[in-house]
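Worksheet: the structure to be examined is printed underneath.
Numbering (the working numbering), first residue to last: 12 to 132.
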């Protein structure tokens, strides 16, 4: 696994009481499923840690999900959001030419998101 075999990098200590994971990836720590875009029923300040990963393009309305995340986060809690950058770059200019097909794909991916109203940028 990435991240030195950890599920997160936030310094939440050894005993967090409540964690909310949005976009669980493989689902290895998922307990239940819901739609993060809908109105949340969690009490304010419910979570010690809110973790979001690989949700680029998943939300069609911003910033509502983020307002709800921060409302549900306890005072002093941690929020971590990780997304990949699909544009490859190399220090060696010749290497960039060999990645041209992937770069074109990335541009098309971003354009497709714009077309359907979901930003992947």
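Glycine residues also receive a C-beta, built at the ideal position from the N, C-alpha and C atoms.
When rounded, the separation of the alpha-carbon atoms in residue 113 and residue 122 is 14 angstroms.
Distance from the CA of residue 53 to the CA of residue 100, rounded to the nearest whole angstrom, comes to 41 angstroms. Between the C-alpha atoms of residue 23 and residue 16 there is a straight-line separation of about 16 angstroms. The three-state secondary structure of residue 18, taken from DSSP, is coil.
Just measuring C-alpha positions, the residue of 26, 48, 97, 107 sitting nearest residue 116 is 97. In the assembly as shown, residue 59 is a buried residue. Its beta-carbon has 16 or more other beta-carbons within 10 Å. Residue nearest to residue 65 within the set 48, 34, 88 is 34 (criterion: CA-CA distance).
Assignment of residue 125 by DSSP, reduced to helix, strand and coil, places it in the helix class. Looking at the DSSP output, residue 32 sits in a beta bridge with 62. Sixteen is the threshold: when 16 or more other Cβ atoms of the shown chains lie within 10 Å of the Cβ of residue 84, as they do, the residue is buried. Between the C-alpha atoms of residue 50 and residue 44 there is a straight-line separation of about 14 angstroms.
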